[in-house]
Amino acid sequence: MARRAARAPNPADPADPAPEAASGPGTVAPPDAATAADLGARLLAWYDRDRRDLPWRPAPGAPPPDPYPVWLSEIMLQQTTVAAVKPYYVRFLARWPTVQALAAADDAAVMAEWAGLGYYARARNLLKCARAVVADHGGRFPDTEAGLRALPGIGAYTAAAIATICFGQRAVVVDGNVERVMARLFAVEDPLPGAKPTLRRLADALTPTARAGDHAQAVMDLGATLCTPRAPACGLCPWMAACAGRRAGLAERLPAKAPKAPRPTRRAVAFWIQRKDGALLLRQRPASGLLGGMMEVPSSPWEAAPMPDPAAAVAAAAPLPLSDWRALPGLVAHTFTHFHLELTVVMARVGANPRVRGIWVPLTELEGHALPTVMRKVIRHALTKGF
DNA sequence: CACTCGTGGTT
DNA sequence: TAACCAAGAGT
Numbered sequence: 001m002a003r004r005a006a007r008a009p010n011p012a013d014p015a016d017p018a019p020e021a022a023s024g025p026g027t028v029a030p031p032d033a034a035t036a037a038d039l040g041a042r043l044l045a046w047y048d049r050d051r052r053d054l055p056w057r058p059a060p061g062a063p064p065p066d067p068y069p070v071w072l073s074e075i076m077l078q079q080t081t082v083a084a085v086k087p088y089y090v091r092f093l094a095r096w097p098t099v100q101a102l103a104a105a106d107d108a109a110v111m112a113e114w115a116g117l118g119y120y121a122r123a124r125n126l127l128k129c130a131r132a133v134v135a136d137h138g139g140r141f142p143d144t145e146a147g148l149r150a151l152p153g154i155g156a157y158t159a160a161a162i163a164t165i166c167f168g169q170r171a172v173v174v175d176g177n178v179e180r181v182m183a184r185l186f187a188v189e190d191p192l193p194g195a196k197p198t199l200r201r202l203a204d205a206l207t208p209t210a211r212a213g214d215h216a217q218a219v220m221d222l223g224a225t226l227c228t229p230r231a232p233a234c235g236l237c238p239w240m241a242a243c244a245g246r247r248a249g250l251a252e253r254l255p256a257k258a259p260k261a262p263r264p265t266r267r268a269v270a271f272w273i274q275r276k277d278g279a280l281l282l283r284q285r286p287a288s289g290l291l292g293g294m295m296e297v298p299s300s301p302w303e304a305a306p307m308p309d310p311a312a313a314v315a316a317a318a319p320l321p322l323s324d325w326r327a328l329p330g331l332v333a334h335t336f337t338h339f340h341l342e343l344t345v346v347m348a349r350v351g352a353n354p355r356v357r358g359i360w361v362p363l364t365e366l367e368g369h370a371l372p373t374v375m376r377k378v379i380r381h382a383l384t385k386g387f
C-alpha cells in the first residue's frame with residue numbers, strides 16, 4: 001500500500017509546488033539535463049574509485065570486453081547473487097572458453113555443470129543461444145539491442161547490458177538494483193510492478209551517452225553495495241545529497257512492493273530404488289517446466305495435500321513393482337520459488353535386470369549427473385538415514 | 001499481465 | 001527463524 005500525502009499538492013498555486021517526492025503514477029518529474037549530468041559525474045567518480053573486482057569485469061580503462069564472457073555472466077546473474085555465480089562462471093569459462101566450444105557441448109554436460117545454480121531454463125536457453133550465434137550469426141553476437149533481444153534467454157535487461165558494456169551503446173539498463181536506486185533517489189512510492197514504467201523513465205533520463213556501460217554498471221554496483229534492500233549505507237553514497245527518499249525518511253522502505261501470495265506445501269514420496277549391483281535408478285524430467293531437463297529420483301506426484309501413505313504411493317506411483325521396500329524416518333524439505341516441498345523417501349531393492357524407463361547409476365558416479373539441489377538433498381538423506 | 005521458474009545468503 | 005531477496009525471461 002503506497003503512502004499518500006495527507007494533502008494533494010496544487011500545481012496551480014505558486015506557493016504550493018509539487019514536491020520532488022511526488023510519486024503518483026506518472027507524476028514524478030525526470031531530472032533536467034544539468035541535474036542528470038551532475039549525478040552522472042558523481043556516480044562515475046565513485047565508480048572509478050570503489051569499483052568491485054569481478055571475474056567478468058575488465059580492468060579499468062581496458063577496451064570493451066568480448067561479448068561471450070559478459071553474456072555468460074549476465075545469464076548466470078539473472079536473479080542470482082554474485083557470490084553464487086562466481087564458481088559456476090569460472091568453471092564454465094574454463095571448460096567452454098568460446099561460444100563455439102559451448103555450442104558444440106553436449107546438453108547433458110551443460111545441465112550437469114549448471115546443476116545447483118537454479119532456474120534451469122537459463123541453461124537450456126544458454127545452449128540454444130550459443131548454437132544460434134554460431135549457426136545464424138557467424139559466431140559473433142549481434143551488436144544491437146534488437147539483435148541481442150531476439151536470442152533465446154536474452155530479454156530487455158540482458159540485451160541492454162551487453163549492448164552498452166560490450167558495444168559502448170547508450171542503452172537503458174534496468175534491473176532490480178536500478179529500480180531500487182531510482183525509487184529511492186526520486187522517492188517513488190508507487191509499488192512495483194506498476195511503478196516499472198516510471199522507474200525506467202527516470203533511469204533513462206540519467207543515462208549518459210559517454211561511458212554508458214560504466215554508468216550502467218555503476219548504478220547496479222551502487223544498488224548491490226550501498227543502496228541495499230535493507231540498511232542502506234547512505235553515508236557513503238555519492239547521491240546522498242540529492243536523494244529525495246532519504247530526505248523524506250523513506251529510503252529504507254522503498255521500493256514498495258505488492259504483497260506476495262503465501263507458499264503452499266506440496267508433499268510426495270520419493271523412490272530410492274537400487275538394483276542388485278547397487279546402482280540407483282534416475283530419470284530425466286520433462287524438457288520444460290519445473291527442473292526441466294534435469295535428472296531426478298522418481299517420485300509420486302507433488303501435490304498440495306497431506307503426505308501420502310507410503311504403501312499407497314508404492315502401489316500407485318512407483319516406476320516399477322516393488323516388493324522389498326521400507327520408508328525412511330524423517331522428511332526431505334526444500335523450498336522453491338512458489339511452494340514448499342516435503343518428501344518421504346522409500347528405499348527399495350529390485351532384481352538384476354528390471355524393465356523400467358531411466359538410467360542406473362552407481363552411487364560413486366552420482367556427482368557427474370545433472371541433479372538439482374532438491375535431489376541432492378534426497379541423496380544425502382538416503383545415504384544418512386538409509387544405510 | 002500474472003504466473004512460473006531455484007537456490008543460498010542475509011537479517 | 002521465517003521472510004525477504006538477487007545483474008529476469010518466457011509464456
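Note that the UniProt record's numbering numbers the first sequence so that position 294 is 294, with each residue one more than the last. Beta carbons: idealized from backbone N, C-alpha and C, even for Gly. Please read these numbers as outputs of a predicted model, since none were measured by experiment.
**Item:** C-beta atoms of R124 and G293 nearer than 7 angstroms
**Value:** Translated into positions along the first sequence, residue 124 becomes position 124. Translated into positions along the first sequence, residue 293 becomes position 293. Yes. Within cutoff.
**Prompt:** Secondary structure at Q79, three-state DSSP: helix, strand or coil?
**Reply:** Your numbering for residue 79 matches position 79 in the first sequence. The answer is coil: DSSP assigns Q79 none of H, G, I, E or B.
**Asked** Exposed or buried, what is V90 when buried is set at 16 or more other beta-carbons lying within 10 Å of its beta-carbon?
**Response** Translated into the one-based positions of the first sequence, residue 90 becomes position 90. With fewer than 16 Cβ atoms within 10 Å of its Cβ, V90 is classed as exposed.
**Given 8 angstroms, three or more beta-carbon pairs between the region 165 to 178 and the region 213 to 228** = The answer is yes - the region 213 to 228 touches the region 165 to 178, with three or more Cβ pairs under 8 angstroms.
**Asked** V374 to H334, Cα distance in whole Å?
**Response** The residue given as residue 374 occupies position 374 in the first sequence. The residue given as residue 334 occupies position 334 in the first sequence. The straight-line gap from Cα to Cα measures roughly 6 angstroms.
**Asked** If we ignore side chains and look at the alpha-carbon of each, how far apart do E74 and Y157 end up?
**Response** Residue mapping note: residue 74 aligns to position 74 of the first sequence, counting from 1. Residue mapping note: residue 157 aligns to position 157 of the first sequence, counting from 1. Taking the straight line joining both Cα atoms gives about 9 angstroms.
**Message:** Alpha carbons only, please: which of M307, L366 and P69 is nearest the one belonging to C166?
**Reply:** Walking along the first sequence from the start, residue 166 turns up at place 166. Closest by alpha carbon: P69.
**Prompt:** Which whole-angstrom value is the C-beta distance of A256 and L192, which I expect to be below 8 angstroms?
**Reply:** Here residue 256 is taken as the residue at index 256 of the first sequence, counted from 1. Here residue 192 is taken as the residue at index 192 of the first sequence, counted from 1. Correct: roughly 7 angstroms between the Cβ atoms.
**Message:** Let's test the definition: count the other Cβ atoms within 10 Å of the Cβ of R246 and tell me whether it reaches 16, buried, or not, exposed.
**Reply:** Numbered from 1 along the first sequence, position 246 holds the residue referred to as residue 246. Answer is buried; the Cβ neighbour count reaches 16.
**Request:** Could you have a look at L320 and say whether DSSP puts it in helix, strand or coil?
**Result:** Taking the first sequence and counting its residues from 1, one reaches residue 320 at position 320. Three-state result, L320: coil.
**Message:** If the criterion is Cβ atoms closer than 7 angstroms, does the pair A163 and R149 meet it?
**Reply:** Locating residue 163 in the first sequence gives position 163, where the first residue counts as 1. Locating residue 149 in the first sequence gives position 149, where the first residue counts as 1. The Cβ atoms of A163 and R149 do not sit closer than 7 angstroms to each other.
**Prompt:** Which same chain residues, not among the five before or five after C234, have their C-beta less than 6 angstroms away from its C-beta?
**Reply:** For the purposes of this step, residue 234 is taken as the residue at position 234 of the first sequence. In the same chain as C234, and ignoring 5 residues on each side of it, the C-beta atoms closer than 6 angstroms to its own belong to M240 and R246, in chain order.
**Prompt:** Thinking C-beta only, is A370 closer than 7 angstroms to M295?
**Reply:** Working through the first sequence from its first residue, we reach residue 295 at position 295. Working through the first sequence from its first residue, we reach residue 370 at position 370. Contact annotation: M295 and A370 have beta-carbon atoms nearer than 7 angstroms.
**Three-way DSSP call (helix, strand, coil) for E365 in this model** = Residue 365 sits at position 365 when you count from the first residue of the first sequence. Residue state, collapsed to three classes: helix.
**Message:** Starting from Q217, trace the alpha helix (DSSP H) in both directions and tell me its first and last residue.
**Reply:** Working through the first sequence from its first residue, we reach residue 217 at position 217. Note, Q217: alpha helix (DSSP H), A212 to T225.
**Message:** Is it the case that the region 77 to 85 contacts the region 340 to 348, given that we only count it when at least three CB pairs across the two stretches are under 8 angstroms?
**Reply:** No, because fewer than three Cβ pairs between the region 340 to 348 and the region 77 to 85 fall closer than 8 angstroms, the two stretches do not touch.
**Prompt:** Taking the alpha-carbon positions, what's the G278 to A312 distance?
**Reply:** Position 278 of the first sequence, counted from the start, is the residue given in the question as residue 278. Position 312 of the first sequence, counted from the start, is the residue given in the question as residue 312. Just so you know, the alpha carbons of G278 and A312 end up roughly 25 angstroms apart.
**Asked** What distance in whole Å lies between the Cβ atoms of R285 and L291, which are believed to be in contact at a cut-off of 8 angstroms?
**Response** The sequence position of residue 291 within the first sequence is 291, counting from 1. The sequence position of residue 285 within the first sequence is 285, counting from 1. Sure, about 5 angstroms apart at Cβ, within 8 angstroms.
**Message:** Going by DSSP in three states, W71 sits in which element: helix, strand or coil?
**Reply:** Mapped onto the first sequence, residue 71 falls at position 71. The answer is helix: DSSP assigns W71 an H, G or I state.
**Asked** What separation, rounded to the nearest whole angstrom, lies between the Cα atoms of V110 and L127?
**Response** In the first sequence, counting from the first residue as 1, residue 110 sits at position 110. In the first sequence, counting from the first residue as 1, residue 127 sits at position 127. Approximately 8 angstroms, taken between the alpha carbons.
**Request:** Please classify H215: is it buried, with 16 or more other beta-carbons within 10 angstroms of its beta-carbon, or exposed?
**Result:** Numbered from 1 along the first sequence, position 215 holds the residue referred to as residue 215. The residue is buried, with at least 16 neighbouring Cβ atoms inside 10 Å.
**Message:** Which residue wins for smallest C-alpha separation from V134, given the options A146, Q100, A41 and G118?
**Reply:** Translated into positions along the first sequence, residue 134 becomes position 134. When A146, Q100, A41 and G118 are compared, the shortest CA-CA separation from V134 is found for Q100.
**Prompt:** Does the region 39 to 46 touch the region 139 to 155, meaning 3 or more C-beta pairs lie closer than 8 angstroms?
**Reply:** With a cut-off of 8 angstroms, the region 39 to 46 and the region 139 to 155 do not count as touching, because too few Cβ pairs lie within range.
**Message:** Quick check on F186: does DSSP put it in helix, strand or coil?
**Reply:** Position 186 of the first sequence, counted from the first residue, corresponds to residue 186. Correct three-state label for F186: coil.
**Prompt:** Between the C-alpha atoms of I359 and G351, what's the straight-line distance to the nearest angstrom?
**Reply:** As a working note, residue 359 is residue 359 in the first sequence. As a working note, residue 351 is residue 351 in the first sequence. Distance between the alpha carbons of I359 and G351: 15 angstroms.
**Asked** Among A242, E365, A251 and P208, which residue has its Cα nearest to the Cα of P232?
**Response** Counted from its first residue, the first sequence places residue 232 at position 232. Out of A242, E365, A251 and P208, A251 has the C-alpha closest to the C-alpha of P232.
**Request:** Hey, could you find the ends of the alpha helix (DSSP H) Q100 is sitting in?
**Result:** Along the first sequence, read from residue 1 onward, the residue named residue 100 stands at position 100. For Q100, the enclosing alpha helix (DSSP H) starts and ends at V99 to A103.
**Asked** Is V356 closer than 7 angstroms to P319 when the C-beta atoms are compared?
**Response** Start at 1 with the first residue of the first sequence, and residue 319 comes out as number 319. Start at 1 with the first residue of the first sequence, and residue 356 comes out as number 356. For P319 and V356, yes; Cβs fall inside 7 angstroms.
**Request:** Report, in whole angstroms, the separation of the C-beta atoms of A171 and A104, which I expect to be a contact under 8 angstroms.
**Result:** Residue 171 sits at position 171 when you count from the first residue of the first sequence. Residue 104 sits at position 104 when you count from the first residue of the first sequence. Contact between A171 and A104 does not hold, since the beta-carbon distance rounds to 30 angstroms and is not under 8 angstroms.
**Message:** Just to confirm before moving on: does the CB-CB distance between V28 and F186 stay below 7 angstroms?
**Reply:** In the first sequence, residue 28 corresponds to position 28, counting from 1. In the first sequence, residue 186 corresponds to position 186, counting from 1. Yes, the pair counts as a contact, with Cβ atoms nearer than the cut-off.
**Message:** Taking the beta strand (DSSP E) that I273 belongs to, which residues open and close that run?
**Reply:** Along the first sequence, one-based indexing puts residue 273 at 273. Under the DSSP assignment, I273 falls in the beta strand (DSSP E) whose first and last residues are T265 to Q274.
**Prompt:** Which first and last residues belong to the beta strand (DSSP E) in which E342 is found?
**Reply:** Residue numbering aside, residue 342 sits at position 342 when the first sequence is read from its first letter. Counting along the chain, the unbroken beta strand (DSSP E) around E342 starts and ends at H340 to R349.
**Prompt:** Would you call the CB atoms of W302 and A268 closer than 7 angstroms?
**Reply:** Walking along the first sequence from the start, residue 302 turns up at place 302. Walking along the first sequence from the start, residue 268 turns up at place 268. Closer than 7 angstroms, so yes.
**Prompt:** In whole angstroms, what is the alpha-carbon distance linking C237 and P30?
**Reply:** For this step, residue 237 is matched to residue 237 along the first sequence. For this step, residue 30 is matched to residue 30 along the first sequence. Between C237 and P30, the alpha-carbon positions lie close to 20 angstroms from each other.
**Asked** What residue does the alpha helix (DSSP H) around L383 start on, and which one ends it?
**Response** Here residue 383 is taken as the residue at index 383 of the first sequence, counted from 1. Bounds of the alpha helix (DSSP H) holding L383 are T373 to K385.
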